[in-house]
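Numbers 134 to 382, taken from our numbering, label the letters of the sequence shown in order.
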Amino acid sequence: MSEIDEQASSYKVDNVNRVKRRHDRGHYDFETIHALLDSAMLCHVAYVIEGRPFCTPTFYWREGTRLYWHGSAASRMLRNLEAGEPACLTVTHLDSLVVARSPFNHSADYRSVMAFGTARLVEDQVEKEKALTMMVDRLFPKRTEDLRQSTRQEVKGSSVIYMDIERASAKIRARGVVDEDDDWGLPIYAEVIPVKTVIGDPMPCPRLVPGISRHASVRSYVAGRTLEDALAEAYIESYSLYPKDGLQR
């Protein structure tokens, strides 16, 4: 796990992760940053290889102050990560569109995280197999117990990357419409448009064996519920099964 002091409650702040514009929106505490990470599943990882920037969208998950993500064993990024690569992983929750009285004040309410560290391949076989299990169980608690197990070739063809979080920051805007004092009285319409990702009705596979009912591992995913709430609940349930890991909330 990360070398961060277990008694710490926030990430160290320096020129790497300090929020420079609108510093009042910056947060560095574990509680805020980890909650935002645990209620999402899609991130973008940025890194530089041979002088060229790359940014890769992928699924990820957190264990304490360590982040994991999955990739194909054949990708160029993974081949370069054998020696470790500085990386920045970002996650964003879009909460609303803000329609103001001037172009300058149009905005959005959002919650975002930037995490910095050195990305490396998981090479220990035991850790890799556990990570491939948690890649699924983090979203669908205990689901892998009832699945056809991965073949040796499937495991060999998969790669897992990890990054201990060395620095991190969250940036949050939750202000709605903010116009200039002189603009409030203008006859111009303004509003906040809430944005949510909501779970739809499940669509069972048409080739299910007769008599198969919906699995308990997907019970968090109920039509009409926000994906954010379902992911956060699944995370808590999944990692409650692994108290020995000492995961930091």
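Glycine is no exception: its CB is placed at the ideal position from the N, C-alpha and C atoms.
Pair within 8 Å by beta-carbon distance, Asn148 and Phe249: Cβ distance not < 8 Å, so Asn148 and Phe249 don't count as in contact.
Residues near Ser350 in its chain [Cβ-Cβ closer than 7 Å; skip 5 each side]: Excluding residues up to 5 positions away in sequence, Phe273, Pro274, Lys275 and Arg276 lie with their Cβ nearer than 7 Å to the Cβ of Ser350 in the same chain.
Start-end ranges of the beta strand (DSSP E) lying completely within the stretch 305 to 359, minimum 3 residues: Under the rule that a run must span 3 or more residues, the beta strand (DSSP E) segments found entirely inside the stretch 305 to 359 read 324 to 327.
8 Å Cβ cutoff, Asp257 in contact with chain B: Going by chain labels, chain B is absent from the structure shown, which holds only one protein chain.
Rounded straight-line distance, which links the Cα of Thr251 to that of Ile326: About 38 Å.
Beta-carbon gap between Val232 and Glu324 smaller than 8 Å: Contact flag set, yes.
Asp242 - DSSP class collapsed to helix/strand/coil: Correct three-state label for Asp242: strand.
Ile369 beta carbon near the ligand GTP (any heavy atom closer than 7 Å): Although the ligand GTP was asked about, the structure shown includes no ligands whatsoever.
DSSP bridge partner residues for Phe249 (one or two, in chain order): Phe249 has Cys221 and Arg300 as its beta-bridge partners, per DSSP.
Outcome for His167 when other beta-carbon atoms lying within 10 angstroms are tallied against a minimum of 16: The residue is buried, with at least 16 neighbouring Cβ atoms inside 10 Å.
Exposure of Ala173, with buried meaning 16 or more beta-carbon neighbours within 10 Å: Ala173 should be labelled buried.
Secondary structure, alpha helix (DSSP H): runs of 4+ residues fully inside the stretch 256 to 292: For the stretch 256 to 292, whole alpha helix (DSSP H) runs of length 4 or above, ordered along the chain, are 258 to 270 and 285 to 289.
Cβ-Cβ separation, Val328 to Ser240 (assumed contact under 8 Å), whole Å: With a Cβ gap of about 13 Å, Ser240 and Val328 do not count as contacting.
Whole-angstrom distance between Glu183 and Val102, CA atom to CA atom: In the structure displayed, the chain extends from 134 to 382; residue 102 sits before or after that span and is not available.
Whether Ser371 touches Ala363 by CB criterion (8 Å): Contact flag unset, no.
Cα-Cα separation between Ala216 and Asp334, rounded to whole angstroms: Their backbone Cα atoms lie some 44 Å apart in a straight line.
Three-state secondary structure assigned by DSSP to Glu196: Under the three-state reduction of DSSP output, Glu196 falls in the strand class.
CA nearest to the CA of Thr225, picked from Ile305, Gly290 and Leu280: Taking Thr225 as reference, the option from Ile305, Gly290 and Leu280 with the minimal CA-CA separation is Ile305.
Ile321 classed as buried or exposed, judged by whether at least 16 other C-beta atoms fall within 10 angstroms: So Ile321 counts as exposed.
Nearest candidate by alpha-carbon position, reference Lys289, set Leu265, Leu175, Ile369 and Glu278: Checked all of Leu265, Leu175, Ile369 and Glu278; the closest Cα to Lys289 is Leu265.
Reduced DSSP secondary structure (H/G/I, E/B, other) of Ser143: Ser143 carries a strand assignment under DSSP once its states are collapsed to helix, strand and coil.
Length of the line joining the Cα atoms of Gly344 and Gln258: Their Cα atoms are separated by approximately 37 Å.
Residue(s) in a DSSP beta bridge with Thr191: Beta-bridge pairing links Thr191 to Cys176.
Reference Gly263, options Glu313, Trp202, Pro219 and Ala303, closest by Cα: As written in the sequence, residue 263 is Lys, which differs from the Gly given in the question. Minimum Cα distance to Lys263 is reached at Trp202.
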